[in-house]
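> Residue numbers for the sequence shown follow my numbering, beginning at 47 and rising by one. Every residue, glycine too, gets a C-beta built ideally from N, C-alpha and C.
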Amino acid sequence: VQLQASGGGLVQAGGSLRLSCAASGSTFSINAIGWYRQAPGKQRESVAIISSDGSTNYADSMKGRFTISRENAKNTVYLQMNSLKPEDTAVYYCYAQRLNRVYWGQGTLVTVSS
Numbered sequence: 047v048q049l050q051a052s053g054g055g056l057v058q059a060g061g062s063l064r065l066s067c068a069a070s071g072s073t074f075s076i077n078a079i080g081w082y083r084q085a086p087g088k089q090r091e092s093v094a095i096i097s098s099d100g101s102t103n104y105a106d107s108m109k110g111r112f113t114i115s116r117e118n119a120k121n122t123v124y125l126q127m128n129s130l131k132p133e134d135t136a137v138y139y140c141y142a143q144r145l146n147r148v149y150w151g152q153g154t155l156v157t158v159s160s
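#1: Once DSSP output is grouped into helix, strand and coil, what is the label at N77?
#2: Residues in the same chain with beta-carbon distance under 6 Å from S72, minus the five sequence neighbours each way, listed in chain order, please.
#3: Taking 8 Å as the threshold, find out whether the segment 88-104 comes into contact with the segment 47-61 through three or more Cβ pairs.
#4: Check each candidate in S97, Q84, Q126 and name the one with the smallest Cα separation from G110.
#5: Mind listing, in chain order, the continuous beta strand (DSSP E) runs of no fewer than 3 residues lying wholly within the segment 86-133?
#6: Go ahead and pull the three-state DSSP assignment for Q154.
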């Protein structure tokens with residue numbers, strides 16, 4: 047499974063961005079696709095995940111601001127991020143869970159200016 051993350055950039059506080067994670071290769075039997083983020087000097091933290099049945103889960107600090115969704119025809123998962131805060135600045139990584147393995151995409155940098 048190969049994952050291509052995109053959509054990061056620079057945005058002002060209060061703004062929005064939509065990240066995309068496009069999966070290719072052996073995409074069948076992917077159980078879930080999600081996002082982690084890592085800010086400079088901080089530990090990696092979970093952001094959101096969407097399962098093959100469409101169920102979703104979010105980190106508490108993202109609930110109500112971030113929405114994860116999927117477009118099966120394009121094997122793509124989206125992370126809509128609204129009401130962005132400077133503390134959301136981080137490199138965002140998408141990952142896929144498939145047959146007891148985890149696959150990672152490259153990160154995409156999100157910078158939120160105050």
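Per the coordinate set shown:
#1: Position 31 of the sequence shown, counting from 1, holds the residue named residue 77. Strand.
#2: Counting from 1 along the sequence shown, the entry for residue 72 is found at position 26. Here S72 has V47 as same chain residues with Cβ atoms under 6 Å from its own Cβ, once five neighbours each way along the sequence are excluded.
#3: Output reads no: the segment 47-61 does not touch the segment 88-104.
#4: Residue mapping note: residue 110 aligns to position 64 of the sequence shown, counting from 1. G110 has its Cα closest to that of Q126, out of S97, Q84, Q126.
#5: Under the rule that a run must span 3 or more residues, the beta strand (DSSP E) segments found entirely inside the segment 86-133 read 91-97, 102-104, 112-117, 122-127.
#6: One-based indexing of the sequence shown puts residue 154 at position 108. The amino acid occupying residue 154 in the given sequence is Thr; Gln does not appear at that position. Taken through DSSP and simplified to helix, strand or coil, T154 comes out as strand.
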